[in-house]
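Number of protein chains: 2
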Amino acid sequence: MAFWNVDTLQLQEFRPGIMSKAAIGDDLIMVCMEIAAGKEDTGHEHAFDQCGLVIAGTIEMFVGEERKTLTVHESYFIPAGLRHGWKTFDSPVKLLDISLSSKVG
Amino acid sequence: MAFWNVDTLQLQEFRPGIMSKAAIGDDLIMVCMEIAAGKEDTGHEHAFDQCGLVIAGTIEMFVGEERKTLTVHESYFIPAGLRHGWKTFDSPVKLLDISLSSKVG
């Protein structure tokens, strides 16, 4: 299935508080995910780039020294190796997130 | 700059009828692009995955045997090697498009 509507796409529980659906190719993984309110990733890094866009809701992210509260149609680009993290507030956030598939990354 | 607002981001002419801005990492290239009305790519293929999301406007795309008119918040995933193309109608379309950076792809 080449095409999704990310507003109406059916997601499944990936881990507690994160619902997702993934398209996985030879190189890329594209994930539509909804993160519940009140969740946090205090920071991690990995040896590949990651990027994405907020579809709905609000999320605070940091990428290296930059920190920003992102709302709808704000994008992020996380260069390989740079520490990054996020937290949600009092409502869920929906993202379209892209990184390297496990076949590569 | 880790964060963009894709609704207000300043784009520059990439080629006639296509305005764009790119974030380029070791692995990924993320491009915000606006394609003018009445443009078409009748089809091509490449040996890496490509994906993205419609931010505003309408575009017809085909990926292999699937063909769809995409509007805001509809995404596409083009597996490596699969023929794909697109055309715009009577107004521009804005996309956030992700593929492999030239450092990899």
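Each protein sequence line maps, in turn, to chains A and B.
When we follow my numbering, the leftmost residue of the first sequence carries the number 47, and every step to the right adds one.
When we follow my numbering, the leftmost residue of the second sequence carries the number 47, and every step to the right adds one.
Where a beta carbon is used, it is the ideal one built from N, C-alpha and C, also for glycine.
For this session: For the stretch 111-124 of chain B, enumerate the residues whose C-beta is nearer than 8 Å to any C-beta of chain A, in chain order.
Result: E112, K114, L116, H119, E120, S121, Y122, F123 and I124
For this session: Would you verify that the beta carbon of I81/A is, or is not, closer than 8 Å to some beta carbon of chain B?
Result: Judged by the 8 Å Cβ criterion, I81/A is not in contact with chain B.
Exercise. Hey, is F60/B's beta-carbon within less than 8 Å of any beta-carbon in chain A?
Worked result: Not one chain A Cβ lies under 8 Å of F60/B.
Exercise. V100/A by DSSP, collapsed to three states: which one?
Worked result: strand
Exercise. Going along chain A, which residues have a C-beta under 8 Å from G188/B?
Worked result: It is not possible to answer for residue 188/B, since the shown part of chain B is limited to 47 through 151.
For this session: Using three-state DSSP, classify G151/B as helix, strand or coil.
Result: Any reading at G151/B must be qualified, since the residue scores a pLDDT of 49, below 50, and its modelled position is unreliable; no value is offered.
Problem set entry | Any C-beta of chain B under 8 Å from that of G71/A | yes
Exercise. In the DSSP assignment, what are the bridge partners of K133/B?
Worked result: E86/B and E106/B
Problem set entry | Proximity test, Cβ basis, 8 Å: L57/B and chain A | no
Exercise. So, helix, strand or coil for M47/A, using DSSP?
Worked result: coil
Problem set entry | CA nearest to the CA of G89/B, picked from L55/B, L128/B and E120/B | L128/B
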